[in-house]
Amino acid sequence: MPLCQLFINHEQNQFIVVQMPDEITPDKYQGWITQEEQVEHVQAFDFSQQLLDRVTLKYVAAQYEAKYVMMKAPDEEQLFVSSLEISKQNEEKLDVVRNGLLIVFDKEELEHFISFLQEAWNEARMQ
Numbered sequence: 001m002p003l004c005q006l007f008i009n010h011e012q013n014q015f016i017v018v019q020m021p022d023e024i025t026p027d028k029y030q031g032w033i034t035q036e037e038q039v040e041h042v043q044a045f046d047f048s049q050q051l052l053d054r055v056t057l058k059y060v061a062a063q064y065e066a067k068y069v070m071m072k073a074p075d076e077e078q079l080f081v082s083s084l085e086i087s088k089q090n091e092e093k094l095d096v097v098r099n100g101l102l103i104v105f106d107k108e109e110l111e112h113f114i115s116f117l118q119e120a121w122n123e124a125r126m127q
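For the record, in the sequence shown the residue sitting at position 18 is 18 according to UniProt numbering, with numbers rising by one throughout.
See below:
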């Protein structure tokens with residue numbers, strides 16, 4: 001199950017998905033992102049709630065099931081969306097973690113996801 005990080009190239013207004021090397025552990029994660037940002041001139045992508053909602057609506061309209069995973073931090077009062085799980089006919093396709101990390105269950109789904117995301121992001125920027 002590959003882990004991928006979403007980055008955005010602001011010059012081209014496009015998303016880039018980079019598969020994380022196997023040796024990247026949680027404690028090395030931030031350092032790896034910083035290095036990728038410097039080398040590739042991209043920025044790690046952070047989902048807003050609005051964008052998660054837009055992507056979800058697009059997937060649901062395309063016959064996918066989309067489910068939010070809600071969490072509550074011990075030091076906060078409000079629930080927040082920690083990730084968005086996308087599946088089709090009970091077969092998990094991918095999981096979008098709030099900070100832009102993707103857990104990929106179906107590699108072919110990535111090209112669909114990026115087009116959905118690009119469309120939703122373009123719409124959000126137009127408003």
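Even for Gly, the Cβ is constructed at its ideal location relative to N, Cα and C.
Listed as beta-bridge partners of S87 by DSSP are E65, E92. Considered as a whole, the segment 14-71 harbours 14-19, 65-71 as its complete beta strand (DSSP E) runs of no fewer than 3 residues, in chain order. Restricting attention to Y68, L102, Q49, F80, the CA atom closest to the CA of W121 is found in Q49. Per DSSP, the continuous alpha helix (DSSP H) segment holding L117 begins and ends at 109-126.
In this model, V18 and V42 are separated by some 11 Å (Cα to Cα).
The beta-carbon separation of L84 and A62, rounded to 14 Å, does not stay under the 8 Å limit for a contact. DSSP links L6 through a beta bridge to V17. The shortest C-alpha to C-alpha distance from I16 to any of T25, C4, D22 is the one to C4. Beta-bridge partners assigned by DSSP to F80: M71. By alpha-carbon distance to N90, the top candidate from E76, P26, D106, L79 is D106. The Cβ atoms of V60 and F116 do not sit closer than 7 Å to each other.
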